[in-house]
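Only one structure is covered here, and it is reproduced in the block below.
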Amino acid sequence: GAVVSQHPSWVICKSGTSVKIECRSLDFQATTMFWYRQFPKQSLMLMATSNEGSKATYEQGVEKDKFLINHASLTLSTLTVTSAHPEDSSFYICSARARTGGAGTEAFFGQGTRLTVV
Amino acid sequence: EDQVTQSPEALRLQEGESSSLNCSYTVSGLRGLFWYRQDPGKGPEFLFTLYSAGEEKEKERLKATLTKKESFLHITAPKPEDSATYLCAVLGTGGFKTIFGAGTRLFVKA
Numbered sequence: 741g742a743v744v745s746q747h748p749s750w751v752i753c754k755s756g757t758s759v760k761i762e763c764r765s766l767d768f769q770a771t772t773m774f775w776y777r778q779f780p781k782q783s784l785m786l787m788a789t790s791n792e793g794s795k796a797t798y799e800q801g802v803e804k805d806k807f808l809i810n811h812a813s814l815t816l817s818t819l820t821v822t823s824a825h826p827e828d829s830s831f832y833i834c835s836a837r838a839r840t841g842g843a844g845t846e847a848f849f850g851q852g853t854r855l856t857v858v
Numbered sequence: 154e155d156q157v158t159q160s161p162e163a164l165r166l167q168e169g170e171s172s173s174l175n176c177s178y179t180v181s182g183l184r185g186l187f188w189y190r191q192d193p194g195k196g197p198e199f200l201f202t203l204y205s206a207g208e209e210k211e212k213e214r215l216k217a218t219l220t221k222k223e224s225f226l227h228i229t230a231p232k233p234e235d236s237a238t239y240l241c242a243v244l245g246t247g248g249f250k251t252i253f254g255a256g257t258r259l260f261v262k263a
């Protein structure tokens with residue numbers, strides 16, 4: 741099956757530092773990757789969509805200068821939380837969709853990253 | 154605008170007590186309707202894709218069905234390990250974003 745690997749699974753950082761989260765599709769090429777944020781007992785909140793080789797599209801209210809997204813290849817996207825503050829503490833999840841056409845509409849999720857900013 | 158509404162928000166069942174979760178959707182042309190399972194502290198796990206009304210898919214104790222306006226996830230004789238949040242999502246022909254519902258939190262008691 742389609743596997744998406746997200747790393748790290750958890751990270752603790754000091755306020756003011758930056759943290760990078762990686763999302764890799766291991767056995768398929770992902771033309772589109774999505775980054776979500778999830779608060780406790782709430783559903784997924786889409787932050788941004790990234791297509792390989794182009795700039796990410798951010799959802800309304802998401803600061804693009806704070807959450808830097810890079811989709812450098814068909815198998816890798818990164819989310820960098822810059823100058824992190826305690827309010828950025830959350831569960832971040834990526835998902836990847838394979839090349840479309842036919843049945844290629846499913847998005848597969850990484851394991852998620854628990855970020856704690858102290 | 155594409156929209157997904159799931160009900161109930163939470164469902165408590167006894168082990169072996171079958172039930173159904175509902176997902177109502179509006180979309181401008183359906184490319185796919187998806188069901189995911191999410192355990193606490195983990196990313197959603199893909200369960201099913203349904204593409205057209207009348208389609209059904211099964212996996213162990215789960216069966217997903219689809220009409221033109223809603224989808225049901227039927228859980229037959231659930232076990233405690235089926236406890237999780239079940240997410241429904243749609244992808245329309247008019248966009249590239251998968252739209253998620255708020256989820257149904259299922260608790261199965263032994």
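As you go down the protein sequences, you meet chains A and B in turn. If you're matching positions, the first sequence starts at 741 in our numbering and goes up one per residue. If you're matching positions, the second sequence starts at 154 in our numbering and goes up one per residue. Think of the CB as a built atom: it goes at the ideal place given N, C-alpha and C, for glycine as much as any other residue.
(message) Check this for me: beta carbons of S749(A) and T853(A), under 8 Å apart or not?
(response) Residue mapping note: residue 749(A) aligns to position 9 of the first sequence, counting from 1. Residue mapping note: residue 853(A) aligns to position 113 of the first sequence, counting from 1. Closer than 8 Å, so yes.
(request) At 9 Å on the CB atoms, spell out the chain A contacts of L106(B), in chain order. (result) This structure leaves residue 106(B) out entirely; chain B is present only between 154 and 263.
(message) So with CB distances below 8 Å, who are the chain B contacts of L855(A)?
(response) On the first sequence, residue 855(A) is found 115 positions in, with the first residue counted as 1. Simply none; closest approach about 13 Å.
(message) Check this for me: beta carbons of T760(A) and T797(A), under 8 Å apart or not?
(response) Within the first sequence, residue 760(A) is the residue found at index 20, counting from 1. Within the first sequence, residue 797(A) is the residue found at index 57, counting from 1. Reading off the sequence, residue 760(A) comes out as Lys, not Thr. Taking 8 Å as the cut-off, the beta carbon of K760(A) is found no closer than this to the beta carbon of T797(A).
(request) Report the rounded CA-to-CA distance for R214(B) versus I228(B), giving the unit in angstroms. (result) Locating residue 214(B) in the second sequence gives position 61, where the first residue counts as 1. Locating residue 228(B) in the second sequence gives position 75, where the first residue counts as 1. So the two alpha carbons sit approximately 6 Å from each other.
(request) Identify each residue in the stretch 176-195 of chain B for which the Cβ-Cβ distance to at least one residue of chain A is less than 8 Å, and report them in chain order. (result) R184, G185, F187, Y189, G194, K195
(request) Please confirm if the stretch 805-825 of chain A is in contact with the stretch 750-758 of chain A, defined as three or more CB-CB distances below 8 Å between the two stretches. (result) As far as the Cβ criterion goes, the stretch 805-825 of chain A touches the stretch 750-758 of chain A, which means the pair count is three or higher.
(message) Quick test of your reading: L226(B) and E208(B), contact by CB under 8 Å. State the CB separation rounded to the nearest angstrom.
(response) Within the second sequence, numbered from 1, the residue matching residue 226(B) stands at position 73. Within the second sequence, numbered from 1, the residue matching residue 208(B) stands at position 55. Actually they are not in contact, since the Cβ atoms of L226(B) and E208(B) sit about 13 Å apart, beyond 8 Å.
(message) Closer than 8 Å is the cut-off here; do at least three beta carbon pairs connect the stretch 238-255 of chain B with the stretch 176-188 of chain B?
(response) yes
(request) Note the first and the last residue of the continuous beta strand (DSSP E) segment covering L259(B). (result) Residue mapping note: residue 259(B) aligns to position 106 of the second sequence, counting from 1. Looking at the DSSP string, the run of the beta strand (DSSP E) that includes L259(B) is 257-262.
(message) Is it buried or exposed, F774(A), if we count other Cβ atoms within 10 angstroms and call 16 or more buried?
(response) Taking the first residue of the first sequence as position 1, residue 774(A) is located at position 34. Only buried fits F774(A), as 16 or more other CB atoms lie within 10 angstroms of its CB.
(request) Could you tell me which chain B residues have their CB closer than 7 Å to the CB of F849(A), listed as they occur along the chain? (result) Counted from its first residue, the first sequence places residue 849(A) at position 109. G196, P197, listed in chain order.
(request) Compute the beta-carbon to beta-carbon distance between L784(A) and Q778(A), rounded to the nearest angstrom, for a pair I have assumed lies under 8 Å. (result) Taking the first sequence and counting its residues from 1, one reaches residue 784(A) at position 44. Taking the first sequence and counting its residues from 1, one reaches residue 778(A) at position 38. 5 Å between Cβ atoms; contact.
(request) For E827(A), name the three-state secondary structure that DSSP assigns. (result) In the first sequence, the residue the question calls residue 827(A) occupies position 87. E827(A) falls in the helix class under three-state DSSP.
(message) So for E234(B), helix, strand or coil by DSSP?
(response) Here the question's residue 234(B) lines up with position 81 in the second sequence. E234(B) falls in the helix class under three-state DSSP.
(request) May I ask you to report which of helix, strand or coil DSSP gives E803(A)? (result) For the purposes of this step, residue 803(A) is taken as residue 63 along the first sequence, with counting starting at 1. DSSP places E803(A) in coil when its eight states are reduced to three.
(message) From the DSSP secondary-structure annotation, give me the bridge partner or partners of A838(A).
(response) For the purposes of this step, residue 838(A) is taken as residue 98 along the first sequence, with counting starting at 1. In the DSSP output, where bridge partners are listed per residue, A838(A) has A770(A).
(request) Could you list the residues in the stretch 780-812 of chain A with a C-beta less than 7 Å from some C-beta on chain B, going in chain order? (result) S783, L784, L786, T789
(message) Between V858(A), T845(A), E846(A), S835(A), which has its C-alpha nearest V744(A)'s C-alpha?
(response) Residue 744(A) sits at position 4 when you count from the first residue of the first sequence. Closest option to V744(A), Cα to Cα, is S835(A).
(request) Could you pull out every residue in the same chain whose Cβ sits closer than 7 Å to the Cβ of Y204(B), ignoring the five residues on either side in sequence? (result) The sequence position of residue 204(B) within the second sequence is 51, counting from 1. The answer, listed in chain order, is G185.
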